[in-house]
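Single-structure report; data block below.
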Amino acid sequence: MMSSFNEIDLDLLKRLSEADGIGGREREVSRIVTSYGRKYSDEIQYDNLGSVILKSAGKSRVNTPKIMLSSHMDEVGFMVRSITEDGYVNLLPVGGWWGHVMPAQEMTITTANSEKIIGVIGSRAPHGLPAEIKEKVIQPMDMYLDLGVNSRKSVEGLGVSIGDMITPNVLFREMNDSNYLMGKAWDDRCCVGVGLEVLKNLSESDYEADVYFAATTQEEVGIRGARTAVHTIKPDVAIALDVTTATDTPFDKKGMKLGDGVVLSVLDSLTIGNSGLVQMMEEIVQDLSLDVRYDFMTVGGTDACNIHKMMDGVVSMTLSLPTRYMHSPRLIIHREDYIQTIKLVTEFCRRLNLEKLNQLKASIGITNFRENHYLD
Amino acid sequence: MFIDMPLFDKLSEIDSVSGDEKDISLLLKSEYEALTDTIIYDNLGSIFAVKKSKKKNAPHVMIVGHMDEVGFILKKINENGTIRALALGEVKSTSLLGTSVRLKTRNNKTINGMLLAYDKTENVLDESKEVLVDFGFENKEEAIRNDLNFGDRIAFANQSGQFLNNRRLFSKNWDGRYAPLMGIEVLKAIKDHEFDFDLYIGCTVQEQVGFRGIQTATNLVKPDLGIVLDTNKAFDYQTDIKEKNGELGKGVLINFYDTTVLPNRLLLTTLKNICEENNLLHQYYYSMEGSDAAWINKLRVGTPTLFINVPIRNMNTPSSIMDIKDYGAAKSALLLFLESLTAKKIQEFKEENR
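Protein chains in written order, with the working numbering: chain S, 1 to 376; chain E, 377 to 730.
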């Protein structure tokens with residue numbers, strides 16, 4: 001059995017984490033994707049919302065199944081909502097934020113000219129604050145960025161304008177046990193890394209299917225880019241790669257630990273994984289001696305939720321990577337989960353062929369493929 | 377009797393919790409094969425029998441309802457051998473303690489179980505929409521030895537049949553069996569009929585979890601006219617209702633409103649006129665829930681859509697109740713509607729709101 005894999009490239013993860021890109025402004029990320037992925041792909045396409053699709057052609061030239069791997073490039077962040085006379089910047093959240101994780105955090109404004117302007121989100125001194133104020137979470141819409149200037153004119157002089165993107169100013173860091181990796185935007189940049197590492201592995205192997213890695217846009221604002229990417233690819237099978245909430249901290253000891261291996265998402269609130277696909281992943285887990293957990297995320301969804309319902313349907317599931325502190329400026333993932341997920345996805349791409357695809361369809365009762373083609 | 381009872385029995389016996397509709401799909405396939413020469417699928421598992429017109433470029437008429445039922449999915453095996461399972465669909469928390477359920481393993485072995493309460497005050501469905509199931513195992517190892525796996529579906533055990541007076545039928549999954557049953561019966565009735573439209577009769581998957589299969593099915597069929605076969609909740613016996621809405625035994629529902637779709641008005645009038653002219657029992661109905669019809673209606677360039685529904689009691693519980701008279705009226709109305717339908721009329725339905 002074919003099962004050799006490259007070492008992971010930690011510098012790639014660092015670059016992906018530190019790139020700034022909220023929904024609709026994913027260009028810094030997609031440029032990393034194309035520059036890194038170019039030598040491992042046969043063709044690069046874009047959809048019209050900015051998703052970038054890297055194709056790695058399989059050796060089979062007839063009835064080649066198409067696999068779509070999907071990771072979203074956008075992170076949760078903010079836009080400049082307004083600028084006050086005295087030089088503060090009001091925030092407009094883009095994606096889900098909780099007031100608890102915001103005050104006193106450094107943020108970066110990316111200007112129209114791609115200048116980086118650093119500020120800090122204002123906070124209150126606790127001295128003498130009444131209990132009812134101390135106990136209340138400040139709403140994201142009530143917070144502001146302090147750029148350390150004293151007028152609107154100075155802010156504008158920095159090149160800042162309404163609508164500019166704001167993202168956490170956080171550097172990638174290997175933690176004290178270097179398997180623990182801290183950075184911003186792991187949702188979903190670590191999975192963008194998975195996709196690129198898979199393409200790298202595939203470039204050195206023989207496989208039948210055509211593999212399309214889609215780095216998609218605008219997931220955090222309503223799973224939009226996955227829709228347009230599906231129509232660009234028209235896949236037979238799709239694997240959405242996304243993060244799930246680790247529950248192994250003193251806040252929530254529920255058992256989803258960092259470092260315990262791959263996570264098969266049986267369902268989330270918007271998608272039920274194809275059962276044949278889940279079982280095929282289980283076989284690979286066994287054959288490669290990977291560790292496995294199962295995820296039933298009843299809040300939220302992934303790119304898969306729109307992919308599987310597009311056109312006349314796509315055989316789909318989600319593979320998850322657990323992260324701590326999702327939708328905050330600093331998230332922590334584990335190197336082992338990353339490595340194992342890359343192995344699982346690589347091996348899946350190596351194994352999928354027409355016969356396997358038909359088995360996946362048969363698992364939900366599709367036993368006859370006459371006239372079963374999506375035509376525009 | 378308006379209902380093919382052996383077929384009803386066969387359909388009721390099958391489990392089809394959302395995402396695991398394979399068994400009912402295979403039964404439908406075997407029934408459709410005798411009645412048509414073309415069967416198509418979307419890639420989530422929705423299935424259609426196709427009856428092509430002899431005319432070229434004929435419009436597409438889609439008659440469809442869902443074949444999935446509410447149930448549970450295995451998400452944890454506890455040390456003491458009990459199972460935690462997540463509800464799929466709107467399972468009613470008031471009907472669950474002591475309910476018989478069953479699980480079919482990957483090796484096709486059926487295991488019977490019962491729902492337990494998770495606390496001393498005897499609640500069954502918890503805040504995360506999970507239940508505790510007792511399959512009689514003494515510990516985790518025994519459950520694993522018996523081939524229980526994450527993702528296995530757990531369905532209400534079958535309890536179906538007729539009441540003493542033969543006028544009403546009970547089944548664990550009327551919502552999810554009405555469309556498969558009606559679809560086959562209609563196909564049989566029109567077997568030798570020629571239409572000037574292509575007819576797609578079939579069933580969709582994953583309705584209970586958010587109207588998913590209908591989206592892919594609509595993209596597959598590309599209908600010019602959609603007819604949805606579904607059940608609605610009867611409000612005709614409860615002590616706290618202000619007005620009756622959906623009475624058992626009062627006929628097919630002329631469903632003029634639900635929260636996700638506004639049925640085409642000319643279609644509604646046509647259905648009502650057919651019922652009046654042919655002395656078919658019928659009643660107006662409005663629904664405060666959503667339905668598959670919404671997606672047929674609004675996907676692609678839009679499709680005029682009509683319900684041919686019947687009321688049931690105890691929806692999404694281990695035993696729901698339907699009146700045969702309502703089923704009979706629905707079936708007659710649908711057949712008469714199809715006989716009167718032409719390509720020209722389909723165009724008129726499209727132009728109704730211009």
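All C-beta atoms in this analysis are idealised placements derived from N, C-alpha and C, irrespective of residue type, glycine included.
Asked                                                                                                                                                                           : Found
For F511 (chain E), does the count of other Cβ atoms within 10 angstroms reach 16, so buried, or fall short, so exposed?                                                        : buried
Short of 7 Å Cβ to Cβ, which residues in the stretch 296-310 of chain S face chain E?                                                                                           : F296, T298, H308 and K309
Find the residues of chain C that neighbour S401 (chain E), judging by a C-beta separation of less than 7 Å, and give them in chain order.                                      : Here the protein chains are S and E, and chain C is not one of them.
List, from N- to C-terminal side, the alpha helix (DSSP H) runs of 4 residues or more that fit wholly inside the stretch 129-206 of chain S.                                    : 131-134, 152-157 and 186-202
Excluding the 5 residues flanking N201 (chain S) on each side, which residues of the same chain have their C-beta closer than 6 Å to its C-beta?                                : F5, N6 and T346
I want to see whether chain E comes within less than 7 Å of H373 (chain S), judged by CB atoms only; does it?                                                                   : With a pLDDT of only 44 at H373 (chain S), under the threshold of 50, the placement of this residue in the model should not be trusted, and no figure is reported.
What do you get for E728 (chain E), buried or exposed, if any count of 16 or more other CB atoms within 10 angstroms of its CB means buried?                                    : exposed
For V100 (chain S), which three-state DSSP category applies?                                                                                                                    : Sequence check: residue 100 (chain S) is His here, not Val. In this structure, H100 (chain S) counts as helix in the three-state DSSP scheme.
Enumerate, from N- to C-terminal direction, the unbroken beta strand (DSSP E) stretches of 3 or more residues contained entirely within the stretch 594-660 of chain E.         : 601-604, 607-609 and 628-633
List the residues of chain S whose Cβ lies closer than 7 Å to the Cβ of Q591 (chain E), in chain order.                                                                         : K309
Short of 7 Å in beta carbon distance, which residues of its chain neighbour L383 (chain E), apart from the five on each side in sequence? Order them along the chain.           : L557 and I560
Under a three-way DSSP split, which group does H436 (chain E) fall into?                                                                                                        : strand
State buried or exposed for D391 (chain E), treating a residue as buried only when at least 16 other CB atoms are found within 10 Å of its CB.                                  : buried
So is W671 (chain E) buried or exposed if we call it buried at 16+ other beta carbons inside 10 Å?                                                                              : buried
Quick one: list the residues of chain E neighbouring Y294 (chain S), beta-carbon separation under 8 Å, in chain order.                                                          : K451, F526 and G527
Please classify L375 (chain S): does DSSP put it in a helix, a strand, or coil?                                                                                                 : Residue placement at L375 (chain S) cannot be trusted, given a pLDDT of 38 that sits under 50; what the coordinates show is reported in the next sentence. If DSSP states are grouped into helix, strand and coil, L375 (chain S) belongs with coil.
Across which residues does DSSP place E106 (chain S) in a beta bridge pair?                                                                                                     : S:V120
Going by the CB atoms, is the gap between K66 (chain S) and D210 (chain S) shorter than 7 Å?                                                                                    : yes
Should S394 (chain E) be labelled buried (16 or more other beta-carbon atoms within 10 Å of its own) or exposed?                                                                : buried
At which residues does the beta strand (DSSP E) containing E506 (chain E) begin and terminate?                                                                                  : E506 to D510
Where in the stretch 250-280 of chain S do unbroken runs of the alpha helix (DSSP H), each at least 4 residues long, occur, reported from the N-terminal end onward?            : none
Using the three-state DSSP reduction, which class does P680 (chain E) fall into: helix, strand or coil?                                                                         : coil
To the nearest angstrom, how far is it from the Cα of I697 (chain E) to the Cα of I688 (chain E)?                                                                               : 5 Å
In whole angstroms, what is the alpha-carbon distance linking K39 (chain S) and V52 (chain S)?                                                                                  : 15 Å
In chain order, what residues of the stretch 64-94 of chain S put their CB closer than 9 Å to some CB of chain E?                                                               : none
When you compare the stretch 609-620 of chain E with the stretch 640-655 of chain E, are there three or more beta-carbon pairs, one atom per stretch, that lie closer than 8 Å? : no
Kindly indicate if chain E contains any beta-carbon less than 7 Å away from that of G222 (chain S).                                                                             : no
Taking 7 Å as the CB-CB limit, is G276 (chain S) close to chain E?                                                                                                              : no
Check the Cβ of E455 (chain E) against every Cβ in chain S and list those closer than 9 Å, keeping chain order.                                                                 : Near E455 (chain E) there are no residues of chain S at all, since even the closest Cβ is about 13 Å away, more than 9 Å.
Out of curiosity, what's the CA-to-CA distance linking D551 (chain E) and E445 (chain E)?                                                                                       : 7 Å
Thinking L605 (chain E) and I684 (chain E) are a contact (beta carbons under 8 Å), I'd like their distance in whole angstroms, please.                                          : 6 Å
What are the residues of the stretch 262-290 of chain S that lie near chain E, defined by any Cβ-Cβ distance shorter than 9 Å?                                                  : L264, V266, L267, S269, L270, T271, I272, G273, N274, S275, V278, Q279 and E282
Could you give the distance in angstroms between the alpha-carbon of I400 (chain E) and the alpha-carbon of D9 (chain S)?                                                       : 48 Å
Give the single residue among S:V237, S:K254 and S:G24 whose Cα lies nearest to the Cα of T245 (chain S).                                                                       : S:K254
Mind pulling the chain E residues with CB within less than 8 Å of V314 (chain S)?                                                                                               : N419
Quick test of your reading: V149 (chain S) and G87 (chain S), contact by CB under 8 Å. State the CB separation rounded to the nearest angstrom.                                 : 5 Å
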